[in-house]
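Residue numbers (my numbering), protein chains in the order written: chain E, 1 to 302; chain D, 1001 to 1370.
C-beta: ideal position from N, C-alpha, C; glycine also.
Bear in mind that the values here come from a model prediction, so they are computed numbers and not experimental data.
Note sheet for the following structure.
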């Protein structure tokens, strides 16, 4: 009796490995291999003309002691992430609350808010480059010329260039956060609201004590995805400002891209990439650690 | 909010000639009137939201009236935010139909072109530096190939992770998900070295210096192709492959166990079970993956930018970014940039309208992008 059951299990396991084998190959060649290569090249001088030359810690020493652009780009990116991710969470949540209704036409409005997300990011970027254009842009016309509200020169002013990119990114990504929060809101069991109402809770109380704890896994998800993605911001800055004005939108990956694919310092770029990877891993681990204490996971009813 | 939009609409389309009499407040009567209306409207909006949220504010009227009021406020906010969301898109379309001087007009500011210049669109195809038709072909080809690869691989691998038990499965699946954390640039630099044969800069300058690079003595097969943009997809190792695998796996988990078991009892191989029993059930998830993949490849920017350095190999997104990267503002012809934007966006918009449900299902399953 025992042997055939074991064989069935083993047959299934073999098939399992067959099914995942393409991914295993891909993982080894295109994910793990590159990671090892990047870490290794980080310790070399590699201009892609000749084979890499071992350079010890030189790249890292230069990055941490001499390279001002490294610090600048890291700070830029941190500010950008710090501005963007809270906006995505708050606005995404509020939008989801707004469209979480059975009123007629609500689906139409959901589709409207989602349209910018469908647009390729490059298109969104040039459209916003035009909207934010300092002399002719639509935003300047609507705010300053018609309403008299002084409008910052988003793409020219050192201090307003990052908020400009944040506005563009919120506009073009908010559909995703809205959909995620909407799914979470619709999964909140109605009996909890009823129970809260019986206890005399008003809408605000219900929001704070029922809704937010129950959607906290989604808040966490949005934050993690937001951090991982926005730390790698590239396209918007590349199209909108090309790192300027005064390097105020020189984000980390943009700087890395310049090192690797403009000046072909692959060893140096690899060291930068290793640092980026460590930062992202650290931030993800940190969010997981924080979330263990703050996120409420509903026990599944059995 | 509505009043603000109405007022902006009037100002923009009708001029500002409403109520020109002077008032003691230093503004014209029309401006005073509008200021009051707009401010009142915003006060109503904000207090309405507060009223909906806070139980302390006394309730008056029956529950039916309250529900109506809440609906009115909700609609108002939804309409107002729609305008915010759609204005840039409107602006793109409007600019794409203007003449060059019209894009530079500030007094009066033109929201709509005087005469729609439909000729802007055909003109895009006459550019000398870029053969736009070729770009369309390139981009569609890459998109289609990637779509096939992504759907096929995600369905195949996802089934393995969902329904076949083997040692280390959960650990490996965690590995799939954690690969989402790997920055794209970490994958791209080695990929660039791996495929450097097809970047003309290196190829021209360096000739065969790289013959030691991994895999192949002669890299001529890899020259001037989209291989680095396509091959990883066939191994489930591209940027968002992990998400597609995740989506398929989650869907396969919902397929009743009995169906698969019945196939096994009939003596079908696991491959046959996957092909004949499971796949036909999984169409919605496959459509979701197909659409996400299509949208992703169609708008892909960084990979084409890095790997395709020959003009006739470029994709649409590279072409569009070139409208912006021309140095000096005066060199920019916004109407063509916007027309290009419309052309590139249109296919994905149509797709969205047709498959909206799958789009949203895919995103709520995976939480991509952003």
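CA-CA distance, residue 1176 (chain D) to residue 187 (chain E), rounds to 26 Å. Here residue 43 (chain E) is buried, its C-beta having at least 16 other C-beta atoms within 10 Å.
Proximity to residue 280 (chain E) across E:74, E:210, E:178 peaks at E:74, based on C-alpha coordinates.
With distances taken between CA atoms, residue 1334 (chain D) lies nearest to D:1100 out of D:1100, D:1064, D:1081. Taking the C-beta atoms as reference points, residue 1179 (chain D) is found no nearer than 8 Å to residue 1272 (chain D). The straight-line gap separating the alpha-carbon atoms of residue 217 (chain E) and residue 165 (chain E) is approximately 27 Å. When C-beta distances to chain D are compared with 7 Å, the residues of the region 265 to 281 of chain E below that value are 266, 269, 270, 273, 276, 277, 280, 281, in chain order.
With a threshold of 16 other beta carbon atoms within 10 Å, residue 1276 (chain D) falls short and is exposed.
Proximity to residue 104 (chain E) across D:1102, D:1117, D:1096, D:1075 peaks at D:1075, based on C-alpha coordinates.
Taking a C-beta distance under 8 Å as the contact criterion, residue 130 (chain E) and residue 168 (chain E) do not qualify as a contact pair. DSSP places residue 1298 (chain D) in the uninterrupted alpha helix (DSSP H) bounded by 1283 to 1298.
Remark: fewer than three beta-carbon pairs, one from each stretch, lie closer than 8 Å, so the region 1164 to 1176 of chain D and the region 1342 to 1353 of chain D are not flagged as touching. Its chain contains 70, 268, 271, 272, 275 as the residues whose beta carbon lies nearer than 8 Å to that of residue 63 (chain E), once the 5 sequence neighbours on both sides are disregarded; these appear in chain order. Contacts between residue 1095 (chain D) and chain E, judged by CB atoms closer than 7 Å, involve 130 in chain order. Among the residues of the region 1126 to 1156 of chain D, those with a Cβ less than 7 Å away from any Cβ of chain E are 1153, 1156, in the order of the chain. Going by beta carbons, residue 96 (chain E) and residue 214 (chain E) fall outside the 8 Å limit. Between residue 262 (chain E) and residue 232 (chain E), the gap from beta carbon to beta carbon reaches 8 Å or more. The residue among D:1158, D:1118, D:1338, D:1045 with its C-alpha nearest the C-alpha of residue 18 (chain E) is D:1158. Cβ neighbours of residue 296 (chain E) within its own chain (closer than 8 Å, five residues either side excluded): 213, 214, 216, 217.
When the five nearest sequence neighbours on each side are left out, the beta carbons in the same chain lying within less than 8 Å of the beta carbon of residue 55 (chain E) are those of 43, 44, 45, 267, in order along the chain. Along the region 1255 to 1277 of chain D, going in chain order, the ones with a CB nearer than 7 Å to a CB of chain E are 1270. Within chain D, the C-beta atoms nearer than 8 Å to that of residue 12 (chain E) come from 1164, 1165, 1166, 1270, in chain order. The distance from the Cβ of residue 1317 (chain D) to that of residue 1339 (chain D) is about 15 Å, inconsistent with a contact at the 8 Å cut-off. Between residue 115 (chain E) and the set D:1090, D:1119, D:1131, D:1094, the nearest pair of CA atoms involves D:1090.
Taking 8 Å as the cut-off, the Cβ atoms of residue 1073 (chain D) and residue 1048 (chain D) count as close. Taking 8 Å as the cut-off, the beta carbon of residue 67 (chain E) is found no closer than this to the beta carbon of residue 265 (chain E).
Looking only at E:158, E:156, E:139, E:10, the smallest Cα-Cα distance to residue 150 (chain E) is reached by E:139.
A contact is defined here as three or more CB-CB pairs under 8 Å, and the region 1105 to 1123 of chain D fails this definition with respect to the region 1286 to 1296 of chain D.
At least one beta carbon of chain E lies nearer than 8 Å to the beta carbon of residue 1236 (chain D).
Residues 1163, 1273, 1277, 1278 of the same chain have their beta carbon placed closer than 8 Å to that of residue 1260 (chain D), with the five preceding and five following residues left out of the count. When DSSP assignments are scanned along the region 1126 to 1206 of chain D, the uninterrupted stretches of alpha helix (DSSP H) that are 4 or more residues long and fall wholly within it turn out to be 1132 to 1163, 1169 to 1178, 1184 to 1194, 1200 to 1206.
In this structure, residue 1248 (chain D) and residue 1282 (chain D) form a Cβ contact; the two beta carbons are roughly 7 Å apart against a cut-off of 8 Å. In the DSSP assignment, residue 100 (chain E) falls outside any alpha helix (DSSP H) and carries neither an H nor an E.
Cβ contact annotation for residue 1097 (chain D) (same chain, cutoff 6 Å, sequence separation greater than five): 1113, 1116, 1117, in chain order. Taking residue 245 (chain E) as the centre and dropping the five residues before and after it, the same chain places the C-beta of 155, 156, 157, 158, 161 closer than 8 Å to its C-beta, in chain order.
Within chain D, 1074 have C-beta atoms less than 7 Å from the C-beta of residue 101 (chain E), given in sequence order.
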